[in-house]
Amino acid sequence: MADDPGTVQALSDLLAVQHAAVYACAAAGGALAPLRPASDPTRLLAQTAYSAHRELRDRLVAEVLGRGGSPPAAQPAYQLPVPPSGLTGALELLAAVEDRCAAAAYDALDALAGDLRALVVDALAGTAVRGQQARLAAGQPVERATRALPGV
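Next up, the structure:
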């Protein structure tokens, strides 16, 4: 039996963004690998983001399937908003990815309730923290690195 179509659509839209985030975080981590050991702290940020987005992606797939929907498939490649060249480029990419994910999570909230809403609120909080960490690691001052209303 299918769940509310608005819920399934919101989860599917968020899932599509998570697919792109997993790709982008892997690209950032891969670009940083040859720069070791100087890139190790940034690689840790990329690995943390990759794991968080992969975990949310997997949970969203299960939620969409459990509600009778068809989860969107990942694309073979994505256009990155920032090329992950060097430490600065990788950090800018990670911050941009988190900003996009925050916006997608915020957009999904209206259609969700209960445990799903809590899941997405937690995801929104995580994107805000990881985005801030990436901006701080890139040398931005706290007042620029922190988003007052992530996702808005």
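Numbered according to the working numbering, the sequence shown spans residues 15 to 166. Ideal Cβ placement from N, Cα and C applies to all residues, glycine included.
Item to check | For cysteine 115, the nearest candidate out of Tyr64, Asp54, Ala45 (CA to CA) | outcome: Reading the sequence shown from its first residue, position 101 is the one you call residue 115. Of the candidates Tyr64, Asp54, Ala45, the one whose C-alpha sits nearest the C-alpha of cysteine 115 is Tyr64.
Checklist entry - Going by C-alpha distance, which of Glu112, Gly153, Arg81 is nearest alanine 139? => result Stepping through the sequence shown from its first residue, residue 139 is reached at position 125. Comparing Cα-Cα distances from alanine 139 to each of Glu112, Gly153, Arg81, the minimum goes to Glu112.
Next on the checklist: So, does the segment 19-33 touch the segment 50-60, judging by three or more C-beta pairs under 8 Å?
Outcome noted: These segments do not touch.
Checklist entry - When you compare each of Arg68, Gly44, Tyr37, Ala76 to leucine 130 by their alpha carbons, which one comes out closest? => result To locate residue 130, count along the sequence shown from 1; it is residue 116. Minimum Cα distance to leucine 130 is reached at Ala76.
Checklist entry - From this set, Leu74, Pro90, Ala45, Ala91, which residue's C-alpha is nearest serine 84's C-alpha? => result Against the sequence shown, residue 84 aligns to sequence position 70. When only C-alpha atoms are compared, the closest one is Leu74.
Checklist entry - Is the CB-CB distance between leucine 46 and arginine 57 below 8 Å? => result Reading the sequence shown from its first residue, position 32 is the one you call residue 46. Reading the sequence shown from its first residue, position 43 is the one you call residue 57. Leucine 46 places its beta carbon less than 8 Å from that of arginine 57.
Item to check | Ranges of the alpha helix (DSSP H) found wholly within the segment 129-155, counting only runs of at least 4 | outcome: none
Next on the checklist: My assumption, with CB atoms under 8 Å, is that alanine 38 sits in contact with tyrosine 120. Please give the rounded CB distance.
Outcome noted: If you number the sequence shown from 1, residue 38 lands on position 24. If you number the sequence shown from 1, residue 120 lands on position 106. Contact between alanine 38 and tyrosine 120 is absent: CB atoms are separated by about 19 Å, not below the 8 Å threshold.
Item to check | Element boundaries [alpha helix (DSSP H), containing tyrosine 37] | outcome: As a first step, residue 37 is located in the sequence shown; it is residue number 23 there, counting from the start. It spans 19-46 - the alpha helix (DSSP H) in which tyrosine 37 sits, taken as one unbroken run.
Checklist entry - When we look at the beta-carbon of glycine 82 and count the other beta-carbons within 10 Å, is it buried (16 or more) or exposed? => result As a working mapping, residue 82 is identified with position 68 in the sequence shown. By the neighbour-count criterion, in which 16 or more other beta carbons inside 10 Å mark a residue as buried, glycine 82 falls on the exposed side.
Next on the checklist: In the DSSP assignment, the alpha helix (DSSP H) including glutamine 61 goes from what residue to what residue?
Outcome noted: Numbered from 1 along the sequence shown, position 47 holds the residue referred to as residue 61. 54-80 is the span of the alpha helix (DSSP H), which, as asked, contains glutamine 61.
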